[in-house]
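Enquirer: So for the sequence shown, our numbering puts the first residue at 11; every next one is plus one. For glycine and all other residues, C-beta sits at the position ideal for the given N, C-alpha and C. Since the structure is predicted, the reported quantities are computational estimates derived from the model, not experimental observations.
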Amino acid sequence: RLSFAVSTGIIKEKARVVAMDLRGHGKSVTDNDVDLSVETMCNDVLAVIKELYGDSPPAIILVGHRLNAQNLQFCC
Numbered sequence: 011r012l013s014f015a016v017s018t019g020i021i022k023e024k025a026r027v028v029a030m031d032l033r034g035h036g037k038s039v040t041d042n043d044v045d046l047s048v049e050t051m052c053n054d055v056l057a058v059i060k061e062l063y064g065d066s067p068p069a070i071i072l073v074g075h076r077l078n079a080q081n082l083q084f085c086c
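Listed below in structure tokens is the structure:
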């Protein structure tokens with residue numbers, strides 16, 4: 011959570027910042043915490059975006075750390 015603390019403090023002055031724990035990380039709980047496939051994690055991210063913005067999301071910049079940064083490449 012502290013990895014992006016300084017960055018988000020600056021970014022949130024100009025844009026909305028949404029920080030989420032992906033399944034198997036942090037305090038997230040799902041019906042299948044052992045499925046950590048790229049496809050499943052991308053679907054989780056896309057579900058959060060859809061929940062926030064519906065079918066017409068604005069331009070979004072996705073940022074991740076280490077493995078999650080690699081996974082985000084496959085979400086778009």
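If you follow the alpha helix (DSSP H) that MET30 is in, where does it begin and where does it stop?
Expert: Element bounds for MET30: n/a, residue is neither H nor E.
Enquirer: Under 8 Å: do the stretch 46-53 and the stretch 28-36 share three or more Cβ pairs, one atom per stretch?
Expert: Verdict: yes, contact present.
Enquirer: Give the straight-line distance between the Cα atoms of ALA25 and PRO67, rounded to the nearest whole angstrom.
Expert: One C-alpha to the other measures close to 14 Å.
Enquirer: Using only alpha-carbon positions, find the residue among ALA69, ALA29, ASP41 and GLU23 that is nearest to VAL58.
Expert: It is ALA29 whose Cα lies nearest to the Cα of VAL58.
Enquirer: Buried or exposed, going by whether 16 or more other CB atoms sit within 10 Å of the CB of VAL55?
Expert: The residue in question, VAL55, is buried, as its Cβ has 16 or more Cβ neighbours within 10 Å.
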